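**Student:** What follows is a single structure, and I will ask about it in a moment.
Protein chains: 2
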Amino acid sequence: MARRTRPVDTDPEGRPVRRALTRDYIVATALAVLDRDGVDGLSMRKLATELGVNPMAVYHHLPNKAALFDGVVEAVFSEFLAEDDLELRTGTWRDHLTAHLRRLRDVLRRHPNVLPVLATRPAHAPAMMEFGDRVIGLLSGSGFTEHDLLVIISSLRTYTIGQVLNEAAHPVGGAAPRAEDIAALMRRYPNLSKALDGGHDPDAQYALTVQCMLDGFENRMRKSGMDQADTGVAAGTRSARS
Amino acid sequence: MARRTRPVDTDPEGRPVRRALTRDYIVATALAVLDRDGVDGLSMRKLATELGVNPMAVYHHLPNKAALFDGVVEAVFSEFLAEDDLELRTGTWRDHLTAHLRRLRDVLRRHPNVLPVLATRPAHAPAMMEFGDRVIGLLSGSGFTEHDLLVIISSLRTYTIGQVLNEAAHPVGGAAPRAEDIAALMRRYPNLSKALDGGHDPDAQYALTVQCMLDGFENRMRKSGMDQADTGVAAGTRSARS
DNA sequence: TAGCGTAGGTATACGTCGTATAGCCAGGGG
DNA sequence: CCCCTGGCTATACGACGTATACCTACGCTA
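Sequence order for the protein chains is A and B.
Heads up, the first sequence is in full-length UniProt numbering, so the first residue is 1 and it goes up one at a time.
Heads up, the second sequence is in full-length UniProt numbering, so the first residue is 1 and it goes up one at a time.
And the structure:
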């Protein structure tokens, strides 16, 4: 491998075979490897060969592996923010928040292998702050204080990430569980079994919990109805059971 | 090291210096090391020297490191269940649930370094199932269906774990952030800054969010008031702002 | 009591990991 | 023209998880 030592190598037809190495390109490749091979499958050395480069080359753009992980998490949030920008801003504050969270959940579910990394890197990701800031700005006229909006959005974000993490269930040290073992184990718990017969729909559980949380926040924190056409939403959607 | 090859070595006074090696003893030692040195500080080799034993000895009691992590998580949950057993069962369903969650949160906060491991190992821990099962049984007479109770308890558990994980903020790949950097970064987001002046109390946020979630669940899912002395709790605690 | 299987430890080794250190080399500014 | 510097390579080190093989005292049966 690496028959030539030149910055731009060429394939037999003479076209460049290796892109210029930048931080963004490295991070994007790392995200792809992570999606494909999981957390334990992403090593600096494998990343380097994926880039067609010496392992140490990466260290000229990123100080260490932790910074690489930071970059990957940031990339995922950037993906979310890009999608989020496309949405129009109509409807009630509840519509805004639920749509926001749905997009967040979609992006996270698209990268299940990033979740263990993302979930343990909470507050200091700039994209995460961007997330909070824009939602607070968006809903600042809806009758909540900024502080309350921060509580709302960060609690919902925490729950959303945790829920997607639960559904993905990719333990950080390897060792995926087998579904039948779980089922066998659960038979030992009668109340759990009773709660689970008739199946269990995680999507419905998520949606229901979010609506309940919004109800609760509105009930305790909302000062008055400053939002247009937004009265009685909680009561009106009482029938929205799964 | 290991001057004698016998299962029980002795110190100069002749007392045994090494306890018998069992799965439980290994797991307990691993938990102690994890608490002290963090996830990246727990290796099979360090654990073995901590036990005064050859690295491979551990593999006679646990198949691999993932199983060791499973055991540690199980041990933490067992700690929680032991404390939980001591509590009396009086008061309303809200009292039960909030007390339950407070104990869970306390135990988790006692082991911040276990959190990244625990949070990525969600459903198949027997102690976690025990958790759900007993709460469902405890609250089965409170006007919720078993299925709804499962939704409630698992959502609250997910939020609780995520919140403690956020507060601990120990990223899985190393790289702890510095508080001043976070503050500097936050100044770039005006809405966030406005929301955070006057300080931010994570305990209050947690308690408030839990109460709001309980309000919401009660509002949408509770059939009738079968619990004693429990009517109007949500409205009655409206003034319990932080 | 002699023999032996086995449980539970040790010894050694392999391949992989993150990354420190040092060298190499083309492009550009004096 | 020469040298500095930025970006890549080469090599090396120590730690990691764990496969494999070996050893040895204990408890069983005959």
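Idealized CB from N, CA, C, for every residue including glycine.
Remember, predicted model here, so these are calculated numbers, not experimental data.
Can you tell me which of Cys212(B), Arg188(B), Thr158(B) and Asp197(B) puts its alpha carbon nearest to the alpha carbon of Leu115(B)?
**Tutor:** Position 115 of the second sequence holds residue 115(B). Residue Thr158(B) is the option with its Cα nearest to Leu115(B).
**Student:** With 8 Å set as the bound, which would you pick, yes or no: does the beta-carbon of Asn113(A) sit closer than that to a beta-carbon of chain B?
**Tutor:** Counted from its first residue, the first sequence places residue 113(A) at position 113. For Asn113(A), the answer is no, since every Cβ of chain B falls outside 8 Å of its Cβ.
**Student:** Which residues of chain A have a Cβ atom closer than 9 Å to the Cβ of Met129(B), listed in chain order?
**Tutor:** In the second sequence, residue 129(B) corresponds to position 129, counting from 1. Neighbours of Met129(B) on chain A, chain order: Ile182, Leu185, Met186, Arg188, Tyr189 and Leu192.
**Student:** By the DSSP assignment, the alpha helix (DSSP H) with Asn191(B) in it spans what residues?
**Tutor:** Position 191 of the second sequence, counting from 1, holds the residue named residue 191(B). Looking at the DSSP string, the run of the alpha helix (DSSP H) that includes Asn191(B) is Pro190 to Leu196.
**Student:** Helix, strand or coil for Val135(A)? Go by DSSP, reduced to three states.
**Tutor:** As a first step, residue 135(A) must be located in the first sequence, where it is residue number 135. If DSSP states are grouped into helix, strand and coil, Val135(A) belongs with the helices.
**Student:** Under 8 Å between C-beta atoms, does Val151(A) make it to chain B?
**Tutor:** Along the first sequence, one-based indexing puts residue 151(A) at 151. Yes - at least one Cβ of chain B is within 8 Å of the one on Val151(A).
**Student:** Counting only the same chain and skipping the five closest in sequence on each side, list residues whose C-beta sits under 7 Å from that of Gly173(B).
**Tutor:** What you label residue 173(B) is simply residue 173 of the second sequence in a count that begins at 1. Low per-residue confidence applies at Gly173(B): pLDDT is 49, beneath 50, and the placement is therefore not dependable, though the value from the model is reported in the following sentence. No residues qualify anywhere along the chain.
**Student:** Of the residues His60(A), Ile26(A) and Pro63(A), which one's Cα is nearest the Cα of Leu47(A)?
**Tutor:** Taking the first residue of the first sequence as 1, we reach residue 47(A) at position 47. Measuring from the Cα of Leu47(A), the nearest candidate turns out to be Ile26(A).
**Student:** Measuring only between beta-carbons, confirm whether Thr213(A) sits less than 8 Å from chain B.
**Tutor:** In the first sequence, the residue the question calls residue 213(A) occupies position 213. Before going further, note that residue 213(A) is Met rather than Thr in the sequence given. It does; some Cβ of chain B falls within 8 Å.
**Student:** Locate the alpha helix (DSSP H) running through Asn166(B), then write down its first and last residues.
**Tutor:** Locating residue 166(B) in the second sequence gives position 166, counting from the first residue. Segment Glu146 to Ala168, the alpha helix (DSSP H) holding Asn166(B).
**Student:** Ends of the alpha helix (DSSP H) at Tyr59(A)?
**Tutor:** Taking the first sequence and counting its residues from 1, one reaches residue 59(A) at position 59. Run containing Tyr59(A): none; DSSP gives neither H nor E here.
**Student:** Going by beta-carbon coordinates alone, are Arg191(A) and Glu146(B) separated by less than 8 Å?
**Tutor:** Taking the first sequence and counting its residues from 1, the one referred to as residue 191(A) is at position 191. Taking the second sequence and counting its residues from 1, the one referred to as residue 146(B) is at position 146. The amino acid occupying residue 191(A) in the given sequence is Asn; Arg does not appear at that position. In contact: Asn191(A) and Glu146(B) (Cβ atoms closer than 8 Å).
**Student:** For the stretch 42-117 of chain A, list the alpha helix (DSSP H) runs that are entirely contained and at least 4 residues long, ordered along the chain.
**Tutor:** Counting only runs of 4 or more, we get 44-51, 65-85 and 93-110.
**Student:** If you measure from the beta carbon of Gly232(A) to each beta carbon in chain B, is any gap under 8 Å?
**Tutor:** Numbered from 1 along the first sequence, position 232 holds the residue referred to as residue 232(A). Here the model assigns Gly232(A) a pLDDT of 36, short of 50, so the residue's position is not dependable, and the following value carries that caveat. For Gly232(A), the answer is no, since every Cβ of chain B falls outside 8 Å of its Cβ.
**Student:** Under a Cβ-count criterion, where at least 16 other Cβ atoms within 10 Å of its own Cβ denotes burial, should Thr49(A) be classed as buried or exposed?
**Tutor:** Locating residue 49(A) in the first sequence gives position 49, where the first residue counts as 1. Under this definition Thr49(A) is an exposed residue.
**Student:** Look up Gly141(A) in the DSSP assignment and say whether it is helix, strand or coil.
**Tutor:** As a position in the first sequence, residue 141(A) is number 141, starting the count at 1. Coil at Gly141(A), not helix or strand.
**Student:** Is there a Cβ from chain B that is less than 8 Å from the Cβ of Gly137(A)?
**Tutor:** Position 137 of the first sequence, counted from the first residue, corresponds to residue 137(A). So, interface residue.
**Student:** Which residues in the same chain have their Cβ closer than 8 Å to the Cβ of Glu130(B), if we skip the five residues on either side of it in sequence?
**Tutor:** By 1-based counting over the second sequence, the position of residue 130(B) is 130. Excluding residues within five positions, the ones whose Cβ falls inside 8 Å are Phe77 and Leu81.
**Student:** Residues of chain B with CB under 8 Å from Ile26(A), in chain order?
**Tutor:** Locating residue 26(A) in the first sequence gives position 26, counting from the first residue. The premise fails here: Ile26(A) is roughly 16 Å from chain B at the closest Cβ pair, so nothing lies under 8 Å.
**Student:** Note down, in chain order, every chain B residue with its Cβ under 7 Å from the Cβ of Asp133(A).
**Tutor:** For the purposes of this step, residue 133(A) is identified with residue 133 of the first sequence, where counting begins at 1. Tyr189, Asn191 and Leu192, listed in chain order.
**Student:** For the stretch 125-143 of chain B against the stretch 62-69 of chain B, do three or more pairs of beta-carbon atoms, one drawn from each stretch, fall closer than 8 Å, so that the two count as touching?
**Tutor:** No, they do not touch.
**Student:** Does any CB atom of chain A fall closer than 8 Å to the CB of Leu47(B)?
**Tutor:** In the second sequence, counting from the first residue as 1, residue 47(B) sits at position 47. It does not: the Cβ of Leu47(B) has no partner Cβ on chain A nearer than 8 Å.
**Student:** Between residue 246(A) and Val164(A), what straight-line distance do the alpha-carbon atoms span, to the nearest angstrom?
**Tutor:** A query on residue 246(A) cannot be resolved here, the shown segment of chain A reaching from 1 to 242 and no further.
**Student:** Any beta-carbon of chain A closer than 8 Å to the one on Glu146(B)?
**Tutor:** Here the question's residue 146(B) lines up with position 146 in the second sequence. For Glu146(B), the answer is yes, since a Cβ of chain A falls inside 8 Å of its Cβ.
**Student:** Could you name the residues of chain A that Ser43(B) contacts, counting a contact when the two beta carbons are closer than 9 Å?
**Tutor:** Within the second sequence, residue 43(B) is the residue found at index 43, counting from 1. Residues of chain A passing the Cβ test: none, with the nearest at roughly 12 Å.
**Student:** Looking only at its chain, what residues have a beta carbon closer than 8 Å to the beta carbon of Val135(A), apart from the 5 residues adjacent to it on each side?
**Tutor:** Walking along the first sequence from the start, residue 135(A) turns up at place 135. So the qualifying residues of the chain are His96, Leu97, His100, Leu149 and Ile153.
**Student:** Which residues in the same chain as His61(A) place their Cβ atom closer than 8 Å to its Cβ, once the five residues preceding and following it in sequence are excluded?
**Tutor:** Walking along the first sequence from the start, residue 61(A) turns up at place 61. Correct list, in chain order: Leu21, Thr22, Arg23 and Ile26.
**Student:** Does the beta-carbon of Thr90(A) have 16 or more other beta-carbons within 10 angstroms, so that it is buried, or is it exposed?
**Tutor:** Against the first sequence, residue 90(A) aligns to sequence position 90. So Thr90(A) ends up on the exposed side.
**Student:** Please classify Ala204(A) as buried or exposed, where buried requires at least 16 neighbouring CB atoms within 10 angstroms.
**Tutor:** One-based indexing of the first sequence puts residue 204(A) at position 204. By the 10 Å Cβ count, Ala204(A) comes out exposed.
**Student:** Using beta-carbon positions only, say whether Glu79(A) and Arg103(A) come within less than 8 Å of one another.
**Tutor:** Translated into the one-based positions of the first sequence, residue 79(A) becomes position 79. Translated into the one-based positions of the first sequence, residue 103(A) becomes position 103. The answer is no: Cβ separation not under 8 Å.
**Student:** Is it buried or exposed, Asp197(A), if we count other Cβ atoms within 10 angstroms and call 16 or more buried?
**Tutor:** Position 197 of the first sequence, counted from the start, is the residue given in the question as residue 197(A). It is exposed - the Cβ of Asp197(A) has fewer than 16 other Cβ atoms within 10 Å.
**Student:** Under three-state DSSP, which class holds Gly199(B)?
**Tutor:** For the purposes of this step, residue 199(B) is taken as residue 199 along the second sequence, with counting starting at 1. It is coil, neither helix nor strand.
**Student:** Give a yes or no on whether the C-beta atoms belonging to Thr160(A) and Val151(B) are separated by under 8 Å.
**Tutor:** Working through the first sequence from its first residue, we reach residue 160(A) at position 160. Working through the second sequence from its first residue, we reach residue 151(B) at position 151. Their beta carbons are not under 8 Å apart, which means Thr160(A) does not touch Val151(B) by this criterion.
**Student:** Along the alpha helix (DSSP H) that carries Thr29(A), what are the first and last residues, could you check?
**Tutor:** Within the first sequence, residue 29(A) is the residue found at index 29, counting from 1. It spans Arg23 to Asp37 - the alpha helix (DSSP H) in which Thr29(A) sits, taken as one unbroken run.
**Student:** Could you have a look at Thr209(A) and say whether DSSP puts it in helix, strand or coil?
**Tutor:** Numbered from its first residue, the first sequence carries residue 209(A) at position 209. Looking at Thr209(A) - three-state DSSP - the assignment turns out to be helix.
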